[in-house]
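**Q** Below: one structure in C-alpha cells.
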Amino acid sequence: LLTMREVGQPIRALDQYQKLVKRVKSMRRLGEKAASLATQVETAYGEVQTVGSALEDCALGLAELRKAMESGATKRAEITGGIEILMQQLGEEVEEEAATVPPGKKKEEESASGEARGEGEVQGAQ
C-alpha cells in the first residue's frame, strides 16, 4: 500500500505544474501586451517626429514672413519718405513761383485760370 506521503507527492507535483501553466499563460499575455505597447510607442514616436517636422516648417515660414514684413516696412518707409520729399519740393516750387508773381497779377491769373479750367471741363464733358 502507498503511504499518504507517496500519494501526496504526485498531487503536489500536479499543483505545481498547474501553477506553472498559469504563470506561462500570464507571461504570454504580458508579452503580447508589451508587444502591443511597443507598437503603440513606435507609432506615437513617428507621429511626434511628423509633428516636429511640421513645427520646424512653421518656424521657417514664420521667419520668412517676419523678414518679408520687415522688408515691407522698410519699403513703406522709403516710399513715405520719398513722397514727403516730393511734397516738400513741390511746396518749395509753389512758394518760389508765388514769390516771383507780383501781387496784382496773381488775382488776374487766378481768375483767368479758373475760366480756362471751366471751359476745359465743359469741353471734356462733351
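Residue numbers are given in our numbering: position 4 of the sequence shown equals residue 4, and the series is strictly consecutive. Cβ coordinates follow ideal geometry from the N, Cα and C atoms, glycine included.
(1) Distance check for Arg-28 and Gln-18, CA to CA, integer angstroms please.
(2) Would you give the residue range spanned by the alpha helix (DSSP H) that Thr-100 belongs to?
(3) Whole angstroms are fine: how far does the CA of Ala-38 sit from the CA of Ile-11?
(4) Please report how far the alpha carbon of Glu-92 lies from the alpha carbon of Thr-80, in whole angstroms.
**A** Walking through what the data contain:
(1) A straight-line Cα-Cα distance of about 15 Å links Gln-18 and Arg-28.
(2) Unbroken alpha helix (DSSP H) run through Thr-100: 4–100.
(3) Computed Cα separation, rounded: 40 Å.
(4) The C-alpha of Thr-80 is placed about 18 Å away from the C-alpha of Glu-92.
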